[in-house]
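Written out below as structure tokens is the structure these notes cover.
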Amino acid sequence: MYVCLCTGVTDREIRSAVEDGCQSMRQLGKELGVGRQCGRCAASAREIMRECQAED
Ligand code: FES
Numbered sequence: 001m002y003v004c005l006c007t008g009v010t011d012r013e014i015r016s017a018v019e020d021g022c023q024s025m026r027q028l029g030k031e032l033g034v035g036r037q038c039g040r041c042a043a044s045a046r047e048i049m050r051e052c053q054a055e056d
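If you count by my numbering, then the sequence shown holds residues 1 to 56, one letter each, in order.
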């Protein structure tokens, strides 16, 4: 599922970035470009990141 429509980033890509050590929205933005344009995806991206971190 697409999370960030501006950059075409999926929840899968976010999860794998978090698994590879991405710890913050800032880092996520740097690596994938999530949330750097319109910003509408930020809340869901953060949610996915948290979920993924909680699974560890
Ligand atoms: Fe992610 Fe616009 S949907 S920056």
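From the three backbone atoms N, C-alpha and C, an ideal C-beta is built for every residue, glycine too.
Answer yes or no: do residue i and residue j have a C-beta to C-beta separation smaller than 9 Å?
{"i": "residue 18", "j": "residue 5", "result": "no"}
{"i": "residue 9", "j": "residue 41", "result": "yes"}
{"i": "residue 46", "j": "residue 25", "result": "yes"}
Under a three-way DSSP split, which group does residue i fall into?
{"i": "residue 3", "result": "strand"}
{"i": "residue 51", "result": "helix"}
- Message: If we require 3 or more residues per run, which beta strand (DSSP E) segments fall completely within the segment 2-45?
- Response: Entirely contained in the segment 2-45, the beta strand (DSSP E) runs reaching 3 residues are, in chain order, 2-4.
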